[in-house]
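Read the structure below first, then the notes.
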Amino acid sequence: MDFFTSETFQTVLAALNSGFLKTLELFFITLLGALPLGLVISFGSMSRFLPLRWVTRTVVWIIRGTPLVLQIIALFYVPGMQKWFNWPSGESGRMIAVCVAFVINYSCYFSEIYRGGIQGVPKGQQEAGLVLGMTKRQIFFQITLLQMIKRIVPPMSNEIITLVKDTSLARVIALQEVIWMGESFMKGNHGIAGLTWPLFFTAVYYLIFSGIVTVLLSRLEKKLAFFQ
Numbered sequence: 001m002d003f004f005t006s007e008t009f010q011t012v013l014a015a016l017n018s019g020f021l022k023t024l025e026l027f028f029i030t031l032l033g034a035l036p037l038g039l040v041i042s043f044g045s046m047s048r049f050l051p052l053r054w055v056t057r058t059v060v061w062i063i064r065g066t067p068l069v070l071q072i073i074a075l076f077y078v079p080g081m082q083k084w085f086n087w088p089s090g091e092s093g094r095m096i097a098v099c100v101a102f103v104i105n106y107s108c109y110f111s112e113i114y115r116g117g118i119q120g121v122p123k124g125q126q127e128a129g130l131v132l133g134m135t136k137r138q139i140f141f142q143i144t145l146l147q148m149i150k151r152i153v154p155p156m157s158n159e160i161i162t163l164v165k166d167t168s169l170a171r172v173i174a175l176q177e178v179i180w181m182g183e184s185f186m187k188g189n190h191g192i193a194g195l196t197w198p199l200f201f202t203a204v205y206y207l208i209f210s211g212i213v214t215v216l217l218s219r220l221e222k223k224l225a226f227f228q
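Right, dumping it as structure tokens:
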């Protein structure tokens, strides 16, 4: 059997494109959920209320200290096994579960970046704002937040690029993202078995995707250079 005919290539390409759409969906949902949630968590980890700060930092420590793949498996399988609740059946349930796992995981990582950025702003600038009669809300949004954004762009960029590649972990619960699709041609899921080259083609998707993300983040960093 010719494993590289035009018909086979079109079948593989269609499957990889379908899987890549799942990858994109997971990527953007994670960012939309984790970026604001990470900021909220960072406030909790800096709270003056000791119990809240202790609980928040403990949760962040647990999430950052355990593998994301383990969190995905636990979140997807444990609730049903313990009869707490069941995720929706089929691909939609897998997508919801993996999105929840990714948002929780990355929001904890982002929260530490936010916290470092906020605490890195000199306190003297906040004190100067108080002297000028600014409220704490005005100081945060007009002084601290703007400088924090500039400080966190490089480490945040690294995490976002890592997220591009981490989306491949969703295949552990059989979410049909791009690598799952590429690997399926080795197993005969599409009526074609023994193909290895589709799996290597998935690298092209990740290289292009991560390259675009890198360029966009680099431009953002340059636009924020006026704080220097």
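1 is the number of the first residue of the sequence shown in the UniProt record's numbering; add one for each residue after it. Beta carbons are placed, not taken as given, at the ideal position from N, Cα and C, and that holds for glycine.
Helix, strand or coil for residue i per DSSP?
i      : result
Gln138 : helix
Asn105 : helix
Lys223 : helix
Met148 : helix
Met46  : coil
Gly194 : coil
Looking only at C-alpha atoms, which of the options sits nearest to residue i?
i      : options                           : result
Val213 : Ile179, Val178, Met134 and Ile161 : Ile161
Ile113 : Met46, Val164 and Ser168          : Met46
Leu175 : Ile72, Met186 and Ser157          : Ile72
Leu207 : Glu183, Lys165, Lys187 and Ala128 : Lys165
Tyr106 : Gly44, Arg115 and Gly33           : Gly33
Thr8   : Gly194, Gly211 and Val215         : Gly194
Leu26  : Leu146, Arg171, Ser218 and Phe85  : Arg171
Leu13  : Ile143, Pro198, Leu50 and Val131  : Pro198
Gln126 : Phe49, Gln147 and Tyr77           : Gln147
With the cut-off set at 8 Å, would you say residue i and residue j are in Cβ contact?
i      : j      : result
Leu75  : Leu169 : no
Thr202 : Ile179 : yes
Gly129 : Ile139 : yes
Val121 : Glu221 : no
Ala97  : Trp87  : yes
Arg48  : Ile173 : no
Since residue i and residue j are thought to touch, with beta carbons under 8 Å apart, how far apart are those beta carbons, to the nearest angstrom?
i      : j      : result
Thr167 : Glu177 : 6 Å
Arg53  : Tyr109 : About 18 Å separates the two Cβ atoms, so there is no contact after all.
Val103 : Thr30  : 6 Å
Leu224 : Lys150 : 5 Å
Ala15  : Met181 : 5 Å
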